[in-house]
Amino acid sequence: MASDTCEAARALVASAHRITVLTGAGISTDSGIPDFRGPDGLWTRDADAGRDATLAAYLSDPAVRKQAWQSRLDHPIWTAKPNAAHKALVELERSGRLRTVVTQNIDGLHQKAGSDPHRVLELHGTLHATVCLGCGATGWMRDALKRVAEGEAEPDCLRCGGILKSATISFGQELDGEVLRRARLAALDCDLLLVVGTSLSVQPAAGLVPLAARAGAQVIICNAEPTPYDVHAAVVLREPVGEVLPDLSSVPPFGGGGQFSSWGDPSTWS
Ligand code: NAD
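Just remember that the numbering used here sits 730 ahead of the position in the sequence shown, which is counted from 1.
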């Protein structure tokens, strides 16, 4: 890609030593997983689609749970492969610049692409695991979905009989405090925040952008549509992320494998 804004973004990446990336559903649309609010998003096409995505509805209504299990069974995540944008972030990590990927996604595609799992913070959890809302027991989603495929409309917890749910954050549900703390530290500590494929309309994820900017980081936003936080960005790129990210990650390698600041390596923060 050759444009002045792309060149400006490449220059910011080339001079960065500690990049934190914040990703959203838009990085996975090229992998066949629809986003929520893009032009072809699930909620753009059906305004009622998110109505039952609350923890209260899940807890109180067996029909909501049965529908949720059926859509988990049919979810495009199970066949999705990482795309050029996920792979570009792996390249950026290998160049020594990228420290942390904070993702709002639940699809596991960063890890599948080869990102170091210790550097990936899943703010909204993962669809690959289950959690019991009664006793807190965790398990693999594939085991629960096998029970659904074999005819159980709503698999219960094998330990206590409680209500099982995907280990994702529903509306009305608290984020994991430790994951959020590490995400905030990664925003505070970076010298460049690269925001990719998110409408920045969900808090507290979106708040990481002003947090990083106020702490002195440069901000690049790569998103097809305007976001409420574009004002914080040194560069805004509207091109498809599958084209932008490979271009940004192709800057020359960084000598010495990355510099760690006084915060140390985020993967070791306790
Ligand atoms: P969002 O749907 O609100 O916004 C996605 C943004 O990405 C849109 O503005 C859209 O225009 C842009 N976009 C889509 N494809 C693009 C592309 N190829 N190039 C450039 N821009 C592109 O999603 P969000 O901000 O991540 O927040 C919504 C919530 O959706 C999150 O909590 C997340 O957990 C959940 N979600 C996750 C997945 C997933 O895991 N893949 C999928 C759908 C929703």
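Where a beta carbon is used, it is the ideal one built from N, C-alpha and C, also for glycine.
By the Cβ rule, the region 945 to 952 counts as touching the region 921 to 930, because three or more pairs are nearer than 8 Å. If you measure from each CB to the nearest heavy atom of ligand 1, the residues under 6 Å come out as G754, A755, G756, S758, T759, D760, I763, D765, F766, R767, G768, G771, Q834, N835, I836, D837, H854, G927, T928, S929, S931, V932, N953, A954, E955, P970, V971, G972. Within the same chain, H854, G855, L905 come within 7 Å of I899 by CB-CB distance, once the 5 residues on both sides are set aside. DSSP places D846 outside both helix and strand once states are collapsed to three, so it counts as coil.
With respect to the C-alpha of D804, the residue from I763, A793, T833 having the closest C-alpha is I763.
Of the residues assessed, W799 falls on the buried side of the cut-off, its CB having 16 or more other CB atoms within 10 angstroms. With respect to the 8 Å criterion, Y959 and A936 are classified as neighbours on the basis of their beta carbons. Comparing alpha-carbon positions, the option among A755, E973, T750, L822 lying closest to S931 turns out to be A755.
DSSP places E852 in the strand class (E or B) of the three-state scheme. Within the region 838 to 926, complete alpha helix (DSSP H) segments of at least 4 residues are found at 839 to 843, 871 to 879, 907 to 919, given in chain order. Taking 8 Å as the cut-off, the Cβ atoms of L857 and I893 do not count as close. Rounded to the nearest angstrom, the gap between the Cα atoms of Q903 and Y788 is 11 Å. Per DSSP, T809 lies in no beta strand (DSSP E) and is assigned neither H nor E. Here C865 has C887, R889, C890, G892 as same chain residues with Cβ atoms under 8 Å from its own Cβ, once five neighbours each way along the sequence are excluded. Rounded to whole angstroms, the gap between the alpha carbons of A746 and S845 is 19 Å.
Between the C-alpha atoms of K842 and S758 there is a straight-line separation of about 12 Å.
Our two residues, V878 and T809, have alpha carbons roughly 18 Å apart in a direct line. DSSP places T928 outside both helix and strand once states are collapsed to three, so it counts as coil. Annotation: the continuous alpha helix (DSSP H) that includes R944 extends over 938 to 944. In the structure shown, V832 falls within a strand segment according to DSSP collapsed to helix, strand and coil.
The C-alpha of H816 is placed about 12 Å away from the C-alpha of N835. I951 carries a strand assignment under DSSP once its states are collapsed to helix, strand and coil. Here E882 is exposed: its Cβ has fewer than 16 other Cβ atoms, across all protein chains shown, within 10 Å.
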